[in-house]
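K.L.:
Right, I'll just put the structure down here and ask away after.
Protein chains: 2
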Amino acid sequence: MTRAATRPPSRNTWQRQAVLRTIEAAGCHLSAEEIHRRARRAGRPIALATVYRTLETFLRTGLVESAHIGDGLVRYGLASDHHDHLVCLGCGQWRPLEGCVVPRPRSALTRGFVVTGHRLELYGYCAQCRGPQGRGEARP
Amino acid sequence: MTRAATRPPSRNTWQRQAVLRTIEAAGCHLSAEEIHRRARRAGRPIALATVYRTLETFLRTGLVESAHIGDGLVRYGLASDHHDHLVCLGCGQWRPLEGCVVPRPRSALTRGFVVTGHRLELYGYCAQCRGPQGRGEARP
DNA sequence: GACAAAATGAGAGCCGTTCTCATTAAGAGC
DNA sequence: GCTCTTAATGAGAACGGCTCTCATTTTGTC
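If you're matching them up, the sequences are chains A and B in order.
Under my numbering, the first residue of the first sequence carries the number 949, and numbering increases by one thereafter.
Under my numbering, the first residue of the second sequence carries the number 949, and numbering increases by one thereafter.
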């Protein structure tokens, strides 16, 4: 199987490796600031602009995907085939859902709109944040 | 009888009426800038800060809802019971889907995560943007 | 009409992100 | 291993959406 459209970045620098390793290690989506902080902590100092540029490059090559969460920050994570996620309202954690729960909508609902993709965010509380008290209010 | 949880703003100003009328008239979600521009065009000049403050008030009282779209702007629209939307990749139009297509996910998928709400964005092209050439690539 | 308090307007400030440009270093050719 | 080209980086200024501050205006009550 070829890499086809997702050709790798043309130069292999330690900064790019650091950014990719940071995202891989996280296991969930991170903001650019957070990637910057973690990459610095893990090794040599890297510029914030470089992190943004590297993320942009990775986005273009299809290596990572980006998404907005409620707080207005853009989060980055390893690209996956689908785009369904669990978002914890307690700690802000943003992690992929294993599997897709969105069926193809009936055309009567979309009324002339051609659907080419989707993104689903399921809000709630992770096991850690639920804690003993057990919250439960919904959010948009 | 009490005013319940969604009590209206305490003072009725023409600025608040203008913002609400603008959102109602649009029929889809608008950015704060766009609401500001349309409200100005429709009547007296209103300050951008006032638009933001008014939207914040409306959000608190549950009159409107906010959401992020891919371009990083926050969009505002009349609050509805559910949160499924059609997003046109051509013109950026963001409008509610009539009805909900998201089933309750099986707990095996969410693994300890308690789901309290969701938001779905269906990407694609509206009838106007599809045009004669018929695009079709997907986006995250 | 007088008064208190909420709401507004104008613009400065904040903060995440992008741009600019001099410098560095990856990778190709020899 | 050395040289050369040019993509990539670092530092910090600039940008843009949004929020904050404070003097002024307006609403609703008495």
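Just so it is clear, CB atoms sit at the ideal spot from N, CA and C, and this is done for glycine as well.
Predicted model, so just to flag it, every value in this text is computed and none were measured.
1) Hey, out of E1004(A), L1070(A) and I994(A), whose CA is closest to R1059(B)'s CA?
2) Check distances from the C-beta atoms of the segment 1059-1078 of chain A to those of chain B and list, in chain order, the residues that come in under 7 Å.
3) Let me check one thing: in DSSP terms, what residues is C976(A) bridge-paired to?
4) Name, going along the chain, the residues of the segment 1032-1049 of chain B whose beta-carbon falls closer than 7 Å to a beta-carbon of chain A.
5) Within 10 Å of its beta-carbon, does C1036(B) have 16 or more other beta-carbons around it, so buried, or fewer, so exposed?
6) Taking V1012(B) as the reference, give the member of P993(B), A974(B), A990(B) and R1052(B) with the closest Cα.
7) Which partner residues does C1036(B) have in the DSSP bridge list?
8) Quick one: grab the DSSP three-state call for A1015(B).
9) Taking 9 Å as the threshold (beta carbon to beta carbon), is H1016(B) in contact with chain A?
10) Compare the C-beta of V999(A) with all C-beta atoms of chain B and state if any pair is closer than 9 Å.
11) Looking only at its own chain, which residues have a Cβ that is under 6 Å from the Cβ of A1015(B), when we skip the five neighbours before and after it?
12) In its own chain, which residues sit with a C-beta less than 7 Å from the C-beta of I971(A), not counting the 5 before and 5 after it?
13) Tell me where the beta strand (DSSP E) around L1026(A) begins and ends.
14) I want to verify the contact list: residues of chain A whose CB lies under 9 Å from the CB of G1020(B), in sequence order.
15) Just checking: is the beta-carbon of P993(A) within a distance shorter than 9 Å of some beta-carbon in chain B?
16) Could you tell me the distance, in whole angstroms, from the CA atom of G1047(B) to the CA atom of D1032(B)?
17) Give me the DSSP bridge partner(s) of V1062(B).
P.N.:
By the coordinates alone:
1) Taking only the C-alpha atoms, the option nearest R1059(B) is L1070(A).
2) Shown in chain order are the members of the segment 1059-1078 of chain A whose Cβ falls below 7 Å from a Cβ of chain B: G1060, F1061, V1062, V1063, T1064, G1065, H1066, R1067, L1068, E1069, L1070, Y1071, G1072, Y1073, C1074, A1075 and R1078.
3) DSSP output for C976(A) lists no bridge partner at all.
4) Answer set for the segment 1032-1049 of chain B: L1034, L1045, E1046, G1047 and V1049.
5) So C1036(B) counts as buried.
6) Nearest C-alpha to V1012(B): A974(B).
7) The secondary-structure analysis by DSSP pairs C1036(B) across a beta bridge with G1072(B).
8) A1015(B) falls in the strand class under three-state DSSP.
9) Yes, because at least one Cβ of chain A sits closer than 9 Å to the Cβ of H1016(B).
10) No, V999(A) does not count as interfacial toward chain B.
11) Short of 6 Å from the beta carbon of A1015(B), and not among the five residues preceding or following it, lie these beta carbons of its own chain, in chain order: R1023.
12) In the same chain as I971(A), and ignoring 5 residues on each side of it, the C-beta atoms closer than 7 Å to its own belong to L978, I983, V1012, Y1024, G1025 and L1026, in chain order.
13) Under the DSSP assignment, L1026(A) falls in the beta strand (DSSP E) whose first and last residues are V1022 to L1026.
14) Among the residues of chain A, those whose CB is under 9 Å from the CB of G1020(B) are H1016, G1020 and V1022, following chain order.
15) Taking Cβ atoms only, chain B never reaches closer than 9 Å to P993(A), which makes this a no.
16) Taken atom to atom, the span from the alpha-carbon of G1047(B) to that of D1032(B) is near 8 Å.
17) The partner list for V1062(B) (beta bridge, DSSP) reads Y1073(A).
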